[in-house]
Every structure is written in structure tokens, then in C-alpha cells.
Amino acid sequence: MVSKNVRELAQQAHDNCMSRGDAVLLQAESASEHLLLWLGYLKEIEKDNAANCLLEGAASAIREAAACIALGLVRPALNSLRLQIDLFLAWLYFKDHKVEWERVQSKGDGFKLKNEIIKYLGDNFDAFSRRYGVLEAIKQRREKEPYRLLSAHVHGQSEPALPKIESPADVVASISLQDEAIALQKECSEYIGDILYSLYSNNWHALPSNLHPALIARFKTKPQQAEFFE
């Protein structure tokens with residue numbers, strides 16, 4: 001016998017998916033479009049890199065976030081959004097640190113935190129901090145650091161970030177919260193993309209041409225654009 005709670009939970013998730021699922025998946029795909037282009041490019045230029053499983057994991061986290069939102073499961077989706085940032089950044093470090101990656105694989109320790117990797121990038125790639133500063137000044141996302149917002153929810157760091165569930169069916173979030181989660185996917189995509197643009201724009205003409213217009217459109221002045229590309 002299936003309990004009333006389980007029936008209500010299944011019905012809520014089913015109804016959400018059937019009424020909004022297709023639209024949510026299309027919106028999520030649009031919100032992550034540039035990330036998917038980056039994934040294809042990065043896997044192409046680093047073929048057979050042992051750390052490429054991190055990129056595969058990031059691709060899965062993009063799909064996972066979309067699937068969770070389609071079901072109305074916003075809190076699990078936030079974890080998947082945060083994971084996208086973690087995995088892209090981890091790849092940027094471990095692709096060039098084979099021994100350290102083997103240690104993570106064999107011993108389960110030595111994984112790098114976000115702030116450690118950002119510092120590593122700034123310390124070791126001359127143009128990174130300057131370029132990222134330019135892009136941060138013309139960001140289109142609301143959150144300067146979407147990772148911070150996502151972490152607050154993942155870890156329940158304040159009262160507004162705590163779950164409020166009185167029955168199992170309450171895990172299916174409101175439509176407005178689902179829409180906010182899709183918007184956060186777009187914010188994460190821009191944040192990750194800005195890090196990647198800041199690293200890879202030395203080879204601007206080698207980047208997928210579909211990645212060019214979105215960045216160029218953000219520059220407000222020619223000197224600003226020149227500063228980024230110098």
C-alpha cells in the first residue's frame with residue numbers, strides 16, 4: 001500500500017514535470033548554452049587528459065540541474081549548480097597537475113577549494129586577474145559571486161536559506177522559485193564563462209565563434225575592450 005504522503009509527492013512532481021518540464025528543459029539549455037560550447041572546446045584541446053572526467057561531471061551537473069528543476073526540486077538543483085563551478089575550476093587546476101589528480105583518485109584527499117584555485121590562476125596566468133577584473137566590471141549577472149549564494153543554501157547558512165518542509169510534497173517548489181533556479185543557471189554560466197574567457201582569450205580566434213558575440217556585446221567602450229585583449 002502506497003502511503004498518502006508518497007502519492008502526494010509523486011503527483012506533485014509528476015504534475016510539475018508534465019506541465020512545465022519541456023519549457024524548463026528548453027530554458028535551462030538556453031541558460032547553459034555557452035557552458036556547453038566551452039565544454040566541447042575544452043575537451044577538444046585537452047584530449048585524453050586524465051582529469052577530463054571532471055568536465056564530464058560538469059556536463060552531467062548541467063543536465064542534473066535541469067532535470068531537478070523540471071521536477072520542481074529546486075534545492076537539489078542548487079547543489080548541481082554549485083557543483084558545476086567546483087568541477088570546472090577543479091579541471092582548470094588538475095589538468096596540469098597529473099600527480100595531484102592521481103593522489104585525489106587514489107587517496108580521496110588533496111581536492112582543491114574554489115578560492116585556492118582562483119588564487120592559483122591569478123598567481124600563474126599573467127593576464128587572468130586583469131581580464132577577470134574587466135569582465136567583473138561589466139557583469140550582467142546579479143550576483144558577483146553566485147557560488148557564495150549557492151553555498152549559503154547548500155549549507156543552510158541563514159534563516160532564508162533553510163528548508164521549510166512540512167510534508168514530503170513540499171519539496172516541489174513554487175513556480176517562482178523554479179524560475180529563479182533557471183536564472184541562477186544563467187548566472188553560473190556567465191561566472192564560469194568569465195573565468196574561462198580570462199584564461200583562454202589569448203587564443204581568441206581559436207575559440208568557438210559562437211562564444212565571440214556574447215562577450216563582445218558586453219564591452220561598453222573600445223578602451224575597455226582593448227584593455228581586456230591587450
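Note that the sequence shown covers residues 1 to 230 in full-length UniProt numbering.
Think of the CB as a built atom: it goes at the ideal place given N, C-alpha and C, for glycine as much as any other residue.
Bear in mind the structure is a predicted one, so any value in this text is a computation, not a measurement.
**Message:** For D194 and N5, I'd like the C-alpha separation in whole angstroms.
**Reply:** Position 194 of the sequence shown, counted from the start, is the residue given in the question as residue 194. Position 5 of the sequence shown, counted from the start, is the residue given in the question as residue 5. The alpha-carbon atoms of D194 and N5 are separated by roughly 44 Å.
**Asked** Taking just the CA atoms, how far does D48 sit from E187?
**Response** Position 187 of the sequence shown, counted from the first residue, corresponds to residue 187. Position 48 of the sequence shown, counted from the first residue, corresponds to residue 48. For E187 and D48, the distance between alpha carbons rounds to 30 Å.
**Prompt:** How many Å lie between D15 and K164 at the Cα?
**Reply:** Along the sequence shown, read from residue 1 onward, the residue named residue 15 stands at position 15. Along the sequence shown, read from residue 1 onward, the residue named residue 164 stands at position 164. Going from the Cα of D15 to the Cα of K164 covers about 21 Å.
**Sequence-distant residues of its chain with Cβ nearer than 7 Å to residue 266 (five each side left out)** = The requested residue 266 does not occur in the structure, where the chain is confined to residues 1 to 230.
**Message:** Using 8 Å as the cut-off, can you tell me whether the region 125-139 makes contact with the region 37-55, which would need three or more C-beta pairs spanning the two stretches below that distance?
**Reply:** no
**Asked** Going straight from the alpha carbon of D96 to that of Y120, what length do you get?
**Response** Taking the sequence shown and counting its residues from 1, the one referred to as residue 96 is at position 96. Taking the sequence shown and counting its residues from 1, the one referred to as residue 120 is at position 120. Inter-residue distance for D96 and Y120 is about 12 Å (C-alpha atoms, whole angstroms).
**Prompt:** Under three-state DSSP, which class holds A173?
**Reply:** Mapped onto the sequence shown, residue 173 falls at position 173. Here A173 sits in coil by DSSP.
**Asked** Is the region 68-79 close to the region 94-109, with three or more CB pairs under 8 Å?
**Response** no
**Prompt:** Roughly how many whole angstroms lie between the Cα atoms of A127 and V172?
**Reply:** Here residue 127 refers to the residue found at position 127 when the sequence shown is read from its first residue. Here residue 172 refers to the residue found at position 172 when the sequence shown is read from its first residue. Each residue's alpha carbon lies about 44 Å from the other.
**Request:** Evaluate the contact criterion for the region 61-75 versus the region 99-118: three or more CB pairs, one atom per stretch, below 8 Å.
**Result:** Because the criterion of three Cβ pairs below 8 Å is not met, the region 61-75 and the region 99-118 do not touch.
**Asked** Among the residues of its own chain, which have a CB less than 8 Å from the CB of D170, if the five just before and after it don't count?
**Response** In the sequence shown, the residue the question calls residue 170 occupies position 170. Around D170: K164.
**Nonlocal neighbours in the same chain, by C-beta distance under 8 Å from K220, ignoring five residues either side** = The residue given as residue 220 occupies position 220 in the sequence shown. Excluding sequence neighbours, K220 sits near I138.
**Same chain, Cβ closer than 7 Å to S3, five either side skipped, listed in chain order** = Within the sequence shown, the letter at position 3 stands for residue 3. Same-chain partners within the cutoff: there are none.
**Message:** Taking the alpha carbon of L9 as the reference point, which residue from L73, Q225, A90, A226 has its own alpha carbon closest?
**Reply:** Position 9 of the sequence shown, counted from the first residue, corresponds to residue 9. When each option's Cα is compared against that of L9, the closest is L73.
**Request:** Tell me whether H153 is buried or exposed, calling it buried when 16 or more other Cβ atoms sit within 10 Å of its Cβ.
**Result:** Start at 1 with the first residue of the sequence shown, and residue 153 comes out as number 153. Buried is the call here.
**Integer Cβ distance of I182 from Q12, believed to fall under 8 Å** = Mapped onto the sequence shown, residue 182 falls at position 182. Mapped onto the sequence shown, residue 12 falls at position 12. Not quite, the Cβ-Cβ distance comes to about 19 Å (not below 8 Å), so this is no contact.
**Request:** With a floor of 4 residues, list each alpha helix (DSSP H) that falls wholly inside the region 146-220, ordered by position along the chain.
**Result:** 146-154, 175-200, 212-216
**Asked** Would the beta-carbon of L39 fall within 8 Å of that of A59?
**Response** One-based indexing of the sequence shown puts residue 39 at position 39. One-based indexing of the sequence shown puts residue 59 at position 59. Yes, Cβ-Cβ distance for L39 and A59 is below 8 Å.
**Request:** Apply the 10 Å Cβ neighbour rule to D123 and answer buried if 16 or more other Cβ atoms are within range, or exposed otherwise.
**Result:** Counting from one through the sequence shown, the residue named residue 123 turns up at place 123. The residue in question, D123, is exposed, as its Cβ has fewer than 16 Cβ neighbours within 10 Å.
**Asked** Shortest alpha-carbon distance to E227 belongs to which of I192, I85, L135, P168?
**Response** By 1-based counting over the sequence shown, the position of residue 227 is 227. Closest option to E227, Cα to Cα, is L135.
**Item:** Burial state of W91, where buried means 16 or more other Cβ atoms lie within 10 Å
**Value:** Locating residue 91 in the sequence shown gives position 91, counting from the first residue. By the neighbour-count rule (16 or more Cβ atoms within 10 Å), W91 is buried.
**Asked** With respect to the alpha helix (DSSP H) encompassing M18, which residues constitute its N-terminal and C-terminal limits?
**Response** For the purposes of this step, residue 18 is taken as residue 18 along the sequence shown, with counting starting at 1. Unbroken alpha helix (DSSP H) run through M18: 4-31.
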